[in-house]
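So the sequence shown is numbered by full-length UniProt numbering: it starts at 1 and just counts up by one.
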Amino acid sequence: MGSATPELLTELLPMIVYTILGGALTAGGVAAEYASLQHLGAGEAMVGLWLAAIGCVMLYGGVYGIGYKKVAMRLFGAVQ
């Protein structure tokens with residue numbers, strides 16, 4: 001029973017790291033998108049468009065790249 005803990009931690013640790021990383025990228029992407037809307041509303045088009053592009057990349061990486069490809073596939077693969 002005591003030997004199951006290292007195997008469980010070995011499987012769980014990457015999932016926790018990927019979940020935190022995906023959440024941080026997603027939150028950063030949402031913040032960048034919000035800031036881009038603020039800059040576009042203030043008339044600073046160049047900064048607004050740059051932040052919108054960075055926000056899109058961060059959201060793509062957080063939601064799809066890490067959230068779906070890494071975390072969801074591993075969770076749903078383990079359930080089946």
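For every residue, glycine included, the Cβ atom is placed at its ideal position computed from N, Cα and C. Please read all numbers here as calculations on a predicted model, not as lab measurements.
Any idea if residue i is buried or exposed, counting beta-carbon neighbours within 10 angstroms, 16 or more meaning buried?
i	result
G55	buried
T32	A small fix is needed here, since residue 32 is Ala in this sequence, not Thr. Looking at its Cβ environment, which holds 16 or more other Cβ atoms inside 10 Å, A32 is buried.
G62	buried
L13	exposed
L51	buried
Please classify residue i: does DSSP put it in a helix, a strand, or coil?
i	result
G23	helix
E44	coil
Might you give, ordered along the chain, the residues of its own chain that have their beta carbon closer than 7 angstroms to the beta carbon of residue i, omitting 5 neighbours on each side?
i	result
I66	Y18, L21, G22, L25
M15	V71, R74
If you drop the 5 nearest sequence neighbours on each side, which residues of the same chain put their C-beta closer than 8 angstroms to that of residue i?
i	result
L59	L25, T26, G29, V30, E33
Taking the alpha-carbon positions, what's the residue i to residue j distance?
i	j	result
A45	L9	47 angstroms
Y64	V47	25 angstroms
M73	P6	22 angstroms
L37	V57	16 angstroms
A42	A35	11 angstroms
L49	H39	9 angstroms
Is residue i close to chain D? Criterion is C-beta to C-beta, closer than 8 angstroms.
i	result
G41	In the displayed structure, chain D is absent; only one protein chain is listed.
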